[in-house]
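Visitor: Numbering follows numbering that gives the first Met the number 0, with no gaps: position 59 of the sequence shown is 58.
In this text, a Cβ means the ideal position worked out from N, Cα and C, and glycines have one as well.
A single structure is presented below for examination.
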Amino acid sequence: MPKIEIDPKMCTKCGTCVTNCPVGIFQQDADDTIPMVVDTDNCILCGMCVDNCPEDAVKHENF
């Protein structure tokens, strides 16, 4: 299980990580909240969350 975090100081709450993750490891309760990492066990190490974050707020230990 990789360590994945979202830097709350960098995150603009756009939800890009939520919509681009093919296995749904991120969850956002409302548009004005920082997404949460909810299921790193299902991470397939694709890097979509890191690559697509416009603010570089997603920190993934493998990327």
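For a test of the three-state rule: what should DSSP assign to Met47, helix, strand or coil?
Guide: Of the three classes helix, strand and coil, the one that applies to Met47 here is helix, per DSSP.
Visitor: If you draw a straight line from the alpha carbon of Lys12 to that of Thr39, how long is it in whole angstroms?
Guide: Rounded to whole angstroms, Lys12 to Thr39 spans 20 Å at the Cα level.
Visitor: Are the beta-carbon atoms of Cys10 and Ala56 separated by less than 8 Å?
Guide: Cβ atoms of Cys10 and Ala56: closer than 8 Å.
Visitor: Quick check: Cys46 and Phe25, are their CB atoms within less than 8 Å of each other?
Guide: Reading off the sequence shown, one finds Gly at residue 46, where the question assumed Cys. Against a cut-off of 8 Å, the Cβ pair of Phe25 and Gly46 comes out as no contact.
Visitor: For Glu4, collect the residues of the same chain with a Cβ closer than 6 Å to its Cβ; drop the 5 residues on either side in sequence, then sort them by chain order.
Guide: Correct list, in chain order: Lys58.
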